[in-house]
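To start, the structure itself, in structure tokens.
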Amino acid sequence: MPMTESEVFEKVKETLVEALGVDDDEVTPEATLTGDLGAESIDFLDIVFRLEKAFDVKIPRGELFPDNILNNPELVKDGKLTESGLSQLKQRMPHADFSQFEQDPDVNKMAELFRVQTIVNYVMTKVK
Amino acid sequence: MRWIWIDRFIEFEPGKKATAIKNVSLAEEHVHDHWEAYPTHPASLLIEGMAQTAGVLVGQARDFKEKVVLAKIAKAEFDDIVTPGDQVTFKAEIETIAPEAAATKGKVLCNGREIGRVDLMFSHIDKNLAGVEFPKENFVFTGQLERLVAPLLEKSK
Chain A
1 MPMTESEVFE
11 KVKETLVEAL
21 GVDDDEVTPE
31 ATLTGDLGAE
41 SIDFLDIVFR
51 LEKAFDVKIP
61 RGELFPDNIL
71 NNPELVKDGK
81 LTESGLSQLK
91 QRMPHADFSQ
101 FEQDPDVNKM
111 AELFRVQTIV
121 NYVMTKVK
Chain B
1 MRWIWIDRFI
11 EFEPGKKATA
21 IKNVSLAEEH
31 VHDHWEAYPT
41 HPASLLIEGM
51 AQTAGVLVGQ
61 ARDFKEKVVL
71 AKIAKAEFDD
81 IVTPGDQVTF
91 KAEIETIAPE
101 AAATKGKVLC
111 NGREIGRVDL
121 MFSHIDKNLA
131 GVEFPKENFV
141 FTGQLERLVA
151 PLLEKSK
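As they're listed, the protein sequences go chains A and B.
1 is the number of the first residue of the first sequence in this note's numbering; add one for each residue after it.
1 is the number of the first residue of the second sequence in this note's numbering; add one for each residue after it.
In structure tokens, the structure reads:
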């Protein structure tokens, strides 16, 4: 049964509160997972497991949170993503909002792509 | 000193659940440090006992080939303390298991009464850290913990 965006948001919020031990009101759509909510790499996996259970969907590894981008020299140069790197990342993450990041595609700022809304957008494609 | 915080497995369902017990004794060094006037078995070692019970369960599910390490304590709640003379029971269940990690949930009992809940996440480290090398041999499962579970695996064959 398809869910509305606000139903998905509420369930994603519950999942993040459980996985990250944060308060309800800290989980806003624009909150960044690592910066605002304190998530670490093991938490990303925990989040994926819990989302799979909460929404009864399968999330292939690397689809919600792509890995191995930073290890490829063609995609990163001098600490910034190259044109090709940026376009590949956009292809792999249609659920993320790149408008801020693409103005300065600094590798250290990549974490800002992972916001609560990013997860909501991704889950919406899975529950439709 | 051997870092084994469980004494015996009493139940083992491969890939599903496991139960282990630990007897706490006044002859153990650590209780006298915690604390001299009132010896108790600390919560940190109760969590470790659960980690060993659940870690063996997760490791055995992959034939002890993966280096299974404790990566996250998702929940650890205790309602009471454990003192010398008590028998602690760790009941662990696998919630999720994937090539790179596993999640378990568990209950801690003291003399048969539930006194805690511990949920953990384990990482299969070779499958996770790109570019970081670990020694090829499995330094996690060196034989000590597998010996504890071997008799129960024999029975279920």
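By construction, the Cβ of each residue, glycine as well, lies at the ideal position given by its N, Cα and C atoms.
Note that the structure is predicted; figures quoted are calculated from it, not measured.
In whole angstroms, give me the CA-to-CA distance for residue 116 of chain B and residue 109 of chain A. Position 116 of the second sequence, counted from the first residue, corresponds to residue 116 of chain B. Position 109 of the first sequence, counted from the first residue, corresponds to residue 109 of chain A. Near 40 angstroms, if we compare the C-alpha coordinates of residue 109 of chain A and residue 116 of chain B.
Own chain partners of residue 95 of chain A with C-beta closer than 6 angstroms, once the 5 adjacent residues on each side are dropped: Counted from its first residue, the first sequence places residue 95 of chain A at position 95. Excluding sequence neighbours, residue 95 of chain A sits near 118, 121 and 122.
Using a cut-off of 8 angstroms between C-beta atoms, extract the partners of residue 55 of chain A located in chain B. Mapped onto the first sequence, residue 55 of chain A falls at position 55. Those do not exist, as residue 55 of chain A stays about 14 angstroms from chain B at its closest Cβ, beyond 8 angstroms.
Mind listing the chain A neighbours of residue 72 of chain B? Cutoff is C-beta to C-beta under 8 angstroms, in chain order. Here residue 72 of chain B refers to the residue found at position 72 when the second sequence is read from its first residue. The contacting residues are 42, 43 and 46.
Distance CB(residue 90 of chain B)-CB(residue 136 of chain B) smaller than 9 angstroms: In the second sequence, counting from the first residue as 1, residue 90 of chain B sits at position 90. In the second sequence, counting from the first residue as 1, residue 136 of chain B sits at position 136. No. Outside cutoff.
Note down, in chain order, every chain A residue with its Cβ under 7 angstroms from the Cβ of residue 96 of chain B. On the second sequence, position 96 is the one that residue 96 of chain B refers to. Here the neighbours are 49.
Residue 81 of chain A: buried (16+ other C-beta within 10 angstroms of its C-beta) or exposed? For the purposes of this step, residue 81 of chain A is taken as the residue at position 81 of the first sequence. Residue 81 of chain A should be labelled buried.
Inspect the CB distances between the region 86-104 of chain B and the region 42-51 of chain A and report whether three or more fall short of 8 angstroms. yes
Over the uninterrupted alpha helix (DSSP H) stretch that includes residue 103 of chain B, give me the two end residues. Counting from one through the second sequence, the residue named residue 103 of chain B turns up at place 103. Run containing residue 103 of chain B: none in the alpha helix (DSSP H); it sits in the beta strand (DSSP E), 101-110.
Within 9 angstroms of any Cβ in chain A, is that where the Cβ of residue 100 of chain B sits? One-based indexing of the second sequence puts residue 100 of chain B at position 100. It does; some Cβ of chain A falls within 9 angstroms.
Within 10 angstroms of its Cβ, does residue 119 of chain B collect 16 or more other Cβ (buried), or is it exposed? Here residue 119 of chain B is taken as the residue at index 119 of the second sequence, counted from 1. Buried.
Could you tell me which chain A residues have their CB closer than 7 angstroms to the CB of residue 123 of chain B, listed as they occur along the chain? On the second sequence, position 123 is the one that residue 123 of chain B refers to. Against chain A, a Cβ distance below 7 angstroms from residue 123 of chain B picks out 42.
Between which two residues does the beta strand (DSSP E) carrying residue 90 of chain B extend? In the second sequence, residue 90 of chain B corresponds to position 90, counting from 1. From DSSP, the beta strand (DSSP E) with residue 90 of chain B extends over 87-97.
Test item: CB-CB of residue 32 of chain B and residue 42 of chain B under 9 angstroms: In the second sequence, residue 32 of chain B corresponds to position 32, counting from 1. In the second sequence, residue 42 of chain B corresponds to position 42, counting from 1. Taking 9 angstroms as the Cβ cut-off, residue 32 of chain B and residue 42 of chain B do not qualify as a contacting pair.
Answer with buried or exposed for residue 3 of chain B, where buried requires no fewer than 16 other C-beta atoms within 10 angstroms of its C-beta. Counting from one through the second sequence, the residue named residue 3 of chain B turns up at place 3. That one is exposed.
For a contact meaning CB atoms closer than 8 angstroms, what does residue 103 of chain B contact in chain A? The residue given as residue 103 of chain B occupies position 103 in the second sequence. Simply 46 and 49.
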